Amino acid sequence: MIDYNVFRQFGAAIAHLGEMAQQTEIPDEQRVRQAKVVMLSKIDRQMAVDLESCVKCGYCSEACHFFVQTNEPKYVPTRKLDLLRRVYGREVSPLRFVRRLFEAEITADELRQWQELVYDSCTECGRCSMACPMGINIARGVNVMREALAAAGLAPDELAAVAQEQEQRGTVFGVGPKELQEVIAKLRESGLDVPLDKPKADVLFLTTVIDILLFQDALLATVKIMNRLGLNWTFRTGGFEAANFGLLSGMEDLQRQASRKIIDEAIAIGAKTVIVPECGHAYPALRWEGAAMAGKPLPFEVLAISEFLGREIKAGRLKVKSAGVRKLTYHDACKLGRHGGVLEEPREALRALGVDFRETDPNAEMNWCCGGGAGVFLINRAAGLRQKAFELKQQQIDATGAESVVMSCGSCRLNFMNGQANTGWPVKIESLVELVGENLED
Amino acid sequence: MDLLALARGPLLSLSLAIFFAGIAWRLYGIYRFGAKPSLATPRSTTMFSAAARTVFARMLPRRGFHPSATLVMINPYVFHLGLAIVAFGYLPHIDFVKRLTGAWWPALPDWLVVLAAGATIVSLAMALLFRLTDPVLKLISRADDHITWIVTMLPLLTGMAVILESSSAVHAREAVVYPVPLAIHLLSVELLLVWFPFGKLMHAILFIPGRAQLGMFNERRGVRS
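Top to bottom, those sequences are chains W and Y. Just so you know, our numbering puts 411 at position 411 of the first sequence, and the rest follows in order with no gaps. Just so you know, our numbering puts 9 at position 9 of the second sequence, and the rest follows in order with no gaps.
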């Protein structure tokens, strides 16, 4: 059961998160210089094609939940790359000699203005790229803009505060090895065998601050499932946090540091598999970007828990019983689905549970984002915008007639719970790993 | 040298030189950047088919994505197809290419070409109307969008001005009956050729690598694009 007092405390902590950010005074010229250095360092062939290709058709606006729900032209996704286009155009593009004559230098005021565009009103969900007739990877460009703003000292205070904590103290929301040990001790009290810090194991299981503080049932279900499968697995205090606030805030050094911590730990114990818990962005951070952070291919496979569950159920290694005739739908977290490619496996798991499974329309790689991803959930001033985006998600779920929506991302789950608290939405919000854990065959 | 001779001679050579050299320069400017290989183990390695599939699939509207105004979505099909029919299907244009390169292909009937030209002119006018009135398009439009519209529309308008007889009659005759209007038409085409490498007309080439790279990016991750 979710402790709603903890949920409320979590909300209250987020409300004051920004106050904890360490501020650094940076002159405007330096902000621009630092932002430009990052932008230019990220230009490769793919990015150059993307920045040269836009035909200004505006189709991407129709794919963006923030635009669709507000009708505000400023949120059109392609415009979010305009500063990057200008820096590229003036400095390194093939037509730079001409473009310098007609295009102005970017300014610190524009960087400040872009904060809202690339943080508050973009979850880097990537839906715009699915609609773009030129195939522009807008989410990647937005991520570069986040890195540029972070280098200019212009990341939102809330994200900066969490990133600084993860970088300097190695904790996220105050959760470190001690808190992991405490929650594991609590799980062991229920009679479960919870391996921690085994020197060698085939599977390294990660967790997140949200599961440790709030979704402890997800942790419990994970332990039950892993033990049922009889795998040689462990949590490790030296590398357990899957959330990567370097990626979310645009601080690449921290992203590398957070990824390396997990990678080093997995290598040290000889893990063949690392399983990422229900945390959307943590999956692509390790599965798709981890090798780049390490500078070499990873010597182990990385699986999302939903991917792992679907695979084990399909292979017949994990047996589940019917979860009852319940009308149920699935929310594809953008970072798992559109960014991660984990689309079929969670559905395998749900179908095995014998429920009345209903797809949303659209679904899978075209699914609407919940509005809270890529750290937007933590940005206080984005609350109104986030709620509007969530209402689109809510309508999409309601149209299925489902009584319950299942997901495999803790951030999405928090955003759904927050939206529900605001509107009194009656649909039940469930975690896939908990649902499977509750319905293991006897 | 009269205007037509100038347009058919040195100005045509100059515009073609700028067209080809400009495209080559712009592509070199893009491809000189290195491509970072992905170090992550891919879900799929069928990159070529993913790239080809995405290049073609993005020509069609995607399921699950509906632009609010259907007309806005249909209109680009009209002017893209119309331009292709007019540019490559009209007999005098094929004769022109044949004189330059020796290559030729069967022409489309005049009625179809004239219909396509008319539809394209109306469609381009509507595209401009959308660009000038839609708040999103107004915000994201740049000078390039308007210059490109002008240089695309001009050959259509100047071309319509010289369609005074059947294409077979023009084909059968060596002499040019309307030298000045034809020269103006040719000059407008040369203007388009000169602008092509510098503005968004380059999308006629860049749509291939753009779509292909996204297709491969998604394929690696096991995502349909």
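Backbone N, C-alpha and C define an ideal beta-carbon position, used for all residues, glycine too. Note that this is a predicted model, so its numbers are computed, not measured.
Which residues DSSP lists as bridging residue i, in chain order
i: Trp-288/W; result: DSSP lists no partner for Trp-288/W.
i: Ala-127/Y; result: According to DSSP, Ala-127/Y bridges with nothing at all.
i: Ser-431/W; result: Met-407/W
i: Glu-345/W; result: None; Glu-345/W has no bridge partner.
i: Val-302/W; result: Val-274/W
i: Leu-440/W; result: Val-320/W
For residue i, three-class secondary structure by DSSP
i: Leu-196/W; result: strand
i: Val-172/W; result: strand
i: Phe-205/W; result: strand
i: Phe-357/W; result: strand
i: Glu-158/W; result: helix
i: Thr-329/W; result: strand
i: Ala-103/Y; result: coil
i: Leu-336/W; result: coil
i: Ile-407/W; result: It is Met, not Ile, that sits at residue 407/W in the sequence shown. In this structure, Met-407/W counts as strand in the three-state DSSP scheme.
i: Thr-234/W; result: strand
i: Val-276/W; result: strand
i: Glu-241/W; result: strand
i: Leu-318/W; result: coil
i: Gln-23/W; result: coil
i: Thr-54/Y; result: helix
i: Asn-43/Y; result: Note that residue 43/Y corresponds to Arg in the displayed sequence, not to Asn. In the structure shown, Arg-43/Y sits in coil (DSSP, three-state: anything other than H, G, I, E or B).
i: Glu-105/W; result: coil
i: His-146/Y; result: helix
i: Asn-418/W; result: helix
i: Asn-367/W; result: coil
Nearest neighbour of residue i, chosen from the options [CA to CA]
i: Ser-431/W; options: Asn-5/W, Ala-285/W, Ala-21/W and Gln-216/W; result: Gln-216/W
i: Phe-478/W; options: Glu-301/W, Asp-193/W and Leu-213/W; result: For chain W, the structure presents residues 1 to 442; residue 478/W sits outside this window and is missing.
i: Phe-207/Y; options: Val-320/W, Gly-135/W, Pro-156/W and Trp-233/W; result: Gly-135/W
i: Asp-44/W; options: Val-92/W, Gly-280/W, Cys-409/W and Val-172/W; result: Val-92/W
i: Arg-347/W; options: Ala-285/W, Asn-380/W, Leu-435/W and Gly-424/W; result: Leu-435/W
i: Thr-41/Y; options: Ala-21/W, Leu-149/W and Trp-288/W; result: Trp-288/W
i: Tyr-394/W; options: Val-427/W, Arg-381/W, Gly-373/W and Gly-375/W; result: Position check: residue 394/W holds Gln in this sequence, whereas Tyr was assumed. Residue Val-427/W is the option with its Cα nearest to Gln-394/W.
i: Ile-14/W; options: Glu-158/W, Ala-333/W and Pro-73/W; result: Glu-158/W
i: Glu-344/W; options: Ile-305/W, Arg-413/W, Pro-94/W and Ile-379/W; result: Ile-305/W
i: Ala-258/W; options: Gly-280/W, Leu-213/W and Ala-285/W; result: Ala-285/W
i: Ala-35/W; options: Glu-103/W, Gln-115/W, Ala-333/W and Lys-178/W; result: Gln-115/W
i: Ala-150/W; options: Val-32/W, Gly-176/W and Val-68/W; result: Val-32/W
i: Phe-33/Y; options: Asp-50/W, Pro-277/W and Ala-21/W; result: Asp-50/W
Neighbour list for residue i in chain W, Cβ cutoff strictly below 8 Å
i: Ser-139/Y; result: According to the sequence provided, residue 139/Y is Leu. The question's Ser does not apply to it. Result: Pro-73, Lys-74, Val-76 and Arg-79.
i: Leu-206/Y; result: Val-49, Glu-52, Ser-53 and Met-134
Neighbour list for residue i in chain Y, Cβ cutoff strictly below 7 Å
i: Ala-291/W; result: Leu-39 and Ala-40
i: Asn-137/W; result: Leu-214 and Phe-217
i: Ser-129/W; result: Leu-214
Same chain, Cβ closer than 7 Å to residue i, neighbours up to 5 away in sequence not counted
i: Ala-174/Y; result: A small fix is needed here, since residue 174/Y is Glu in this sequence, not Ala. Excluding residues within five positions, none has a Cβ falling inside 7 Å.
i: Trp-233/W; result: Pro-195, Ala-201, Asp-202, Val-203, Phe-205 and Met-226
i: Ile-267/W; result: Pro-299
i: Asp-356/W; result: Val-325, Arg-326, Lys-327 and Leu-328
i: Glu-441/W; result: Lys-319, Val-320 and Lys-321
i: Ala-421/W; result: none
i: Phe-7/W; result: Leu-214 and Met-417
i: Val-180/Y; result: Leu-3
Other residues of its chain near residue i: CB distance less than 6 Å, five sequence neighbours each side excluded
i: Arg-188/W; result: Val-194
i: Pro-77/W; result: Cys-60, Cys-64, Cys-128 and Ile-138
i: Met-216/Y; result: Met-47, Ala-50 and Ala-51
Neighbouring residues, chain Y, relative to residue i (Cβ below 8 Å)
i: Ser-322/W; result: Here the premise fails: no neighbours, minimum Cβ distance about 29 Å.
i: Val-55/W; result: Lys-200 and His-203
Partners in chain W for residue i, counting only beta-carbon separations shorter than 7 Å
i: Val-239/Y; result: A question about residue 239/Y goes unanswered here, because the residues of chain Y that appear run from 1 up to 225.
i: Ile-30/Y; result: Arg-45, Ala-48, Val-49, Glu-52 and Pro-94
i: Val-194/Y; result: In chain order: nothing, as chain W lies at least about 13 Å away.
i: Val-136/Y; result: Gly-58, Ser-61, Pro-73 and Val-76
i: Phe-33/Y; result: Ile-43, Asp-44, Arg-45 and Ala-48
Partners in chain Y for residue i, counting only beta-carbon separations shorter than 9 Å
i: Glu-359/W; result: In chain order: nothing, as chain Y lies at least about 11 Å away.
i: Trp-288/W; result: Ser-38, Ala-40, Arg-220 and Arg-221
i: Lys-296/W; result: Leu-39
Contacts that residue i makes with chain W (C-beta to C-beta distance below 9 Å)
i: Ala-84/Y; result: Residues of chain W passing the Cβ test: none, with the nearest at roughly 16 Å.
i: Lys-36/Y; result: Asp-44, Arg-45, Gln-46 and Ala-292
i: Pro-92/Y; result: Residues of chain W passing the Cβ test: none, with the nearest at roughly 29 Å.
i: Arg-26/Y; result: Glu-52, Ser-93, Pro-94 and Leu-95
i: Thr-54/Y; result: Gly-135
Cβ shell of residue i (< 8 Å), same chain only, five flanking positions each side left out
i: Ala-131/W; result: Tyr-59, Cys-60, Glu-62 and Ala-63
i: Leu-17/W; result: Asp-157, Glu-158, Ala-161, Val-162, Leu-378 and Asn-380
i: Thr-24/W; result: Gly-153
Residue i CB to nearest heavy atom of the ligand PLP below 6 Å
i: Ser-306/W; result: Looking for the ligand PLP in the displayed structure turns up nothing, as the structure carries no ligands at all.
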